[in-house]
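Numbering-wise, my numbering puts 550 at position 54 of the sequence shown, and it's gapless, one number per residue. First up is the structure itself, then whatever we jot down about it.
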Amino acid sequence: MNLYIFDFHLITFLVVYIFLLLLTFIIAKLRKDREHYFLYYMFIIFYYQLLFKVTMLPIMIFKPGELEQFRIATGGNINVLQTIPLKTITENLSSRTGLIQLVGNLVLLMPLVFILKYLTKKSHSDKIILLVTICVSIGIECIQYINVKITHFPSHAVDIDDLILNVFGSILALVLLKILNKMAPELIMWIRYSMIVKENN
């Protein structure tokens with residue numbers, strides 16, 4: 497099967513990461529009303545780029561004439577919607593690859609919870625953070641579905657279990673952050689004030 501494949505391999509990922517980092521610092525330099533923190537930008541850009549890589553790539557597009565052959569071979573019946581709760585989770589428990597996928601979906605939005613809780617100028621409530629992560633998870637699934645419809649290639653499945661794991665992982669992250677905040681508040685404060693963007697007076 498001949499396809500055009502757009503993906504971030506290691507070199508491509510690093511080149512794009514460095515470019516975005518440099519671009520961000522140039523913009524930060526032009527904005528003289530703020531202090532900017534190196535670790536903050538490194539973490540934010542890396543996470544968002546990795547999130548894009550994991551959830552949206554690879555994008556596969558059929559070369560001319562290949563789409564029709566693919567439809568003939570598959571009978572034109574490709575189902576990428578999985579709407580039965582816990583079906584994929586149950587199936588993936590029996591294989592190592594499946595377990596890795598489950599863990600990946602569980603931790604996918606945990607860094608976003610940390611960002612919204614501690615790395616923004618205003619710390620958001622748990623309810624707002626949970627609402628944002630639900631919206632982000634639904635948005636990811638919708639974009640994956642649109643991608644499949646446009647390219648006609650089932651590169652990603654739209655799975656209700658992904659949403660369940662993303663939300664459960666976000667709740668788990670909130671619980672862990674509460675525990676960490678009680679056990680080591682100095683660590684949380686150090687991370688926050690080492691990475692956060694601060695306004696100049």
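Positions of the beta carbon are idealized from the N, C-alpha and C atoms, including for glycine. Here the structure is a predicted model, which means the values were calculated and not measured.
Where do the N-terminal and C-terminal ends of the alpha helix (DSSP H) with residue i fall, by residue?
i    : result
L627 : 622-647
F548 : 534-552
S690 : 681-691
L516 : 506-526
T584 : 583-588
T593 : 592-603
L608 : 606-614
Are the CB atoms of residue j and residue i within a distance shorter than 9 Å?
i    : j    : result
I667 : L627 : no
I636 : D658 : yes
V576 : A524 : no
G600 : V550 : yes
V656 : Q597 : Checking the sequence shown, residue 656 turns out to be Ile, not Val. No; because the gap between Cβ atoms is not below 9 Å, this pair is not in contact.
I580 : I660 : no
L602 : T629 : no
M691 : Y500 : no
L673 : Y614 : yes
N643 : M552 : yes
Identify every residue that forms a DSSP beta bridge with residue i.
i    : result
Y500 : I557
V654 : L577
Could you tell me whether the segment 535-544 touches the segment 507-519, where touching means 3 or more Cβ pairs closer than 8 Å?
yes
Determine, using beta-carbon pairs with one atom in the segment 637-657 and one in the segment 551-558, whether at least three such pairs fall under 8 Å.
yes
Using 8 Å as the Cβ pair cut-off and three pairs as the minimum, do the segment 610-625 and the segment 663-677 touch?
yes
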